[in-house]
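Residue numbers (this note's numbering): 1108 to 1294. Please read the structure below before turning to the comments.
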C-alpha cells in the first residue's frame, strides 16, 4: 500500500499525471495552506485568496495529463499563485477604474457617503450587466472586468474583432442609457 504522505513532490506529480486522485489529494493537503497564506498576504481578502487557490487546484487537476513542469511542483504552484494574484488585482483595478469613469469623479473618496454611493452604483451596474444578452455580457466582462484586449476576446471566443467591437458598443450604449437616470440621482 502506498503512503502518499511519504512520496516526494515529484513522485506525486508523476502519479497525478496518471490520474491518481490520491496523489492529487496529497498535493492539495501539502500545499493548500502555503498557497492560501501567500495569496491572502498579497491580496488582503480571504475569500478572494481562497478562490484563487481553489482555481489553481482545479486547473491543476484539469490539466494534469497535459502539464509539463519546468521546475519543481512547489515552484510551479507558487508562480501560479503569483500570476493569479496579479490577474485578480488587475481585474479589481479595472473594475474600479471603469466605475470611476462612469461616476466621472476620479478616484472615490473614503467618506462614508462616497463609499455607499460607490457600492450602490456597483450593484446597479452589475444588475444591468446581467440584463445584457449572453454573448454581449460575456464580451463586456472579458473586456472591462478581466482586462482582455479586443483581439484576445476574439481569439478566445472564436469571433471577429469587429463582432467584439459591436458587442462592446451595444453594451456601452445600453448601460449608458440604463444608468443615466441612476447616475443623475446619485450625483
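Ideal Cβ positions, reconstructed from N, Cα and C, are used throughout, including at glycine.
* **Contacting residues, own chain, Cβ-Cβ under 8 Å from residue 1257 (five flanking each side not counted)** => So the qualifying residues of the chain are 1250, 1268, 1271, 1272 and 1275.
* **Spatial distance of residue 1194 from residue 1253 (CA atoms)** => Cα atoms of residue 1194 and residue 1253: separation of roughly 8 Å, rounded to the nearest angstrom.
* Asked: Who are the Cβ neighbours of residue 1176 in its own chain at under 6 Å, not counting the five residues just before and after it?
  -> Annotation for residue 1176: 1183 place their beta carbon closer than 6 Å to its own, counting only its chain and skipping 5 residues before and after.
* Hey, how far is the Cα of residue 1160 from the Cα of residue 1283? -> Looking at the two C-alpha atoms, the distance is approximately 36 Å.
* **For residue 1267, the three-state DSSP class (helix, strand or coil)** => Coil at residue 1267, not helix or strand.
* **Three-pair Cβ contact test at 8 Å for the region 1185–1192 versus the region 1154–1173** => Counting Cβ pairs under 8 Å, three or more are found: they touch.
* DSSP three-state assignment for residue 1169, whether helix, strand or coil -> Taken through DSSP and simplified to helix, strand or coil, residue 1169 comes out as helix.
* Asked: What residue does the alpha helix (DSSP H) around residue 1121 start on, and which one ends it?
  -> Start and end: 1116–1124.
* Can you list, in chain order, the stretches of the alpha helix (DSSP H) that have 4 or more residues and sit fully within the region 1125–1179? -> Taking only runs of at least 4 residues, the alpha helix (DSSP H) segments lying wholly in the region 1125–1179 are 1128–1150 and 1153–1169.
* **residue 1110, DSSP secondary structure in three states** => Reduced to three states, the DSSP call for residue 1110 is coil.
* Given residue 1261, which residues of its chain have a CB within under 8 Å of its CB, disregarding the five upstream and five downstream residues? -> When the five nearest sequence neighbours on each side are left out, the beta carbons in the same chain lying within less than 8 Å of the beta carbon of residue 1261 are those of 1267, 1268, 1270 and 1271, in order along the chain.
* To do: Starting from the C-beta of residue 1246, find all residues in its chain whose C-beta is less than 8 Å away, skip the five residues before and the five after it, and write them out in chain order.
  => Here the set comprises 1260, 1264, 1271, 1274, 1275 and 1278.
* To do: For residue 1146, I'd like the list of residues in its chain whose CB is within less than 7 Å of its CB, leaving aside the five on either flank, ordered along the chain.
  => Here residue 1146 has 1156, 1159, 1160, 1188 and 1192 as same chain residues with Cβ atoms under 7 Å from its own Cβ, once five neighbours each way along the sequence are excluded.
* **Length of the line joining the Cα atoms of residue 1236 and residue 1109** => One Cα belongs to residue 1236, the other to residue 1109, and the distance between them is close to 51 Å.
* In the structure shown, what three-state DSSP assignment does residue 1205 receive? -> Three-state result, residue 1205: helix.
* Asked: Quick one, are the C-beta atoms of residue 1286 and residue 1239 less than 8 Å apart?
  -> No.
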